[in-house]
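Take 3 as the starting number for the sequence shown in the numbering used here and just add one per residue.
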Amino acid sequence: MGLDSIEILIKVEETFSVKIPDREAEQIITVGDFHNVVWQYLAGRYSDKCKSQGIFYKLRRSSAEVFSFSEKRFSLETCPEEIFPGNDRRHHYLNFARITGLELPGLELRRPWDIVLTTFAIAAVAGTFGLSLILINFFDFSNWMLLTPVAGVFSTIILSDILEPKRTVISAPSIRMFTQKTLALNYTRPASETGTNRTEMETVMNHIIADMAGLELEEVTPEKKISDDLGID
3 MGLDSIEILI
13 KVEETFSVKI
23 PDREAEQIIT
33 VGDFHNVVWQ
43 YLAGRYSDKC
53 KSQGIFYKLR
63 RSSAEVFSFS
73 EKRFSLETCP
83 EEIFPGNDRR
93 HHYLNFARIT
103 GLELPGLELR
113 RPWDIVLTTF
123 AIAAVAGTFG
133 LSLILINFFD
143 FSNWMLLTPV
153 AGVFSTIILS
163 DILEPKRTVI
173 SAPSIRMFTQ
183 KTLALNYTRP
193 ASETGTNRTE
203 METVMNHIIA
213 DMAGLELEEV
223 TPEKKISDDL
233 GID
């Protein structure tokens, strides 16, 4: 397993409170292999209790109490953007997380600001890298100049922090997806204490893989090879 794969493995181990021996981790080829190994170490911790169902009911109940959103309208196919007020959404969203005691999926930038950040990142990193090559090749500057793109990375991080108040988009298209994302974020309580079931274990693992590897959730399927198909080193 490469470094990226190891980071994902460590996150999964922390989430489910398991320890997978190196010799077994090295045998993991596909997402399905990963599921099987983790489930093996969760043997005896099975629970029929559905945590995603509990989170769904908590979100529905809290939405009715905080936003007066009708429970009849709250379904798996409801768009989360319909529930959280558009006006001062960030404040309402963070307050809702505090009230429910849940870590909610992060808010994202709307398209104009997302384009600004992406463009700045490309210009900052690529621009400083190009400048360093020119200075080294034509003006005899030290090869240490190749480290200047690091300044571009830090500048991008700073700009991202500055734009934090502009993050108001809920990326999940439905409460079904929103609940799954919330489940993955709030699954750090040891499975040894609360138990789990195979379906929810796979859902949480798939979200961890997708989020940490920058993939779409739909790409993470059991038959996919972690390295060859998903491009995770």
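C-beta: ideal position from N, C-alpha, C; glycine also.
Q.
Just list the residues that DSSP pairs K226 with in beta bridges.
A. Partner residues in a beta bridge of K226, as assigned by DSSP, do not exist.
Q | Whole-Å CB distance - K13 paired with M214, under 8 Å assumed | A | Yes, they are in contact, since the Cβ atoms of K13 and M214 sit about 6 Å apart, within 8 Å.
Q: Express the C-alpha separation of I138 and P192 in angstroms, rounding to a whole number.
A: For P192, the predicted model reports a pLDDT of 42, less than 50, meaning its position is unreliable and no value from the coordinates is stated.
Q: Run through the region 91-172 for me and flag every whole beta strand (DSSP E) of 3 or more residues, listed as ranges in chain order.
A: Assignment of beta strand (DSSP E) within the region 91-172, counting only whole runs of 3 or more residues, yields 169-171 in chain order.
Q. What residues match up with T274 in a beta bridge as DSSP calls it?
A. This structure gives no information on residue 274, because the portion of the chain shown stretches from 3 to 235.
Q. Leaving out the 5 sequence neighbours to the left and right, which residues in its chain are closer than 6 Å to F36 when beta-carbon positions are compared?
A. So the qualifying residues of the chain are I30.
Q. Do E202 and L185 have their CB atoms nearer than 8 Å?
A. Yes, these two residues count as a Cβ contact at 8 Å.
(Q) Tell me the DSSP secondary structure of E83 in three-state form. (A) Three-state DSSP puts E83 in a helix.
Q: Use the C-beta contact count for Y59: other C-beta atoms within 10 angstroms, 16 or more gives buried, fewer gives exposed.
A: Y59 is exposed by the Cβ-count criterion.
Q. How long is the line joining the alpha carbons of F156 and G108, rounded to whole angstroms?
A. In a straight line, the C-alpha of F156 is about 21 Å away from that of G108.
(Q) Does the region 163-178 come into contact with the region 97-114, if we say contact requires no fewer than three beta-carbon pairs (one atom in each stretch) closer than 8 Å? (A) Output reads yes: the region 97-114 touches the region 163-178.
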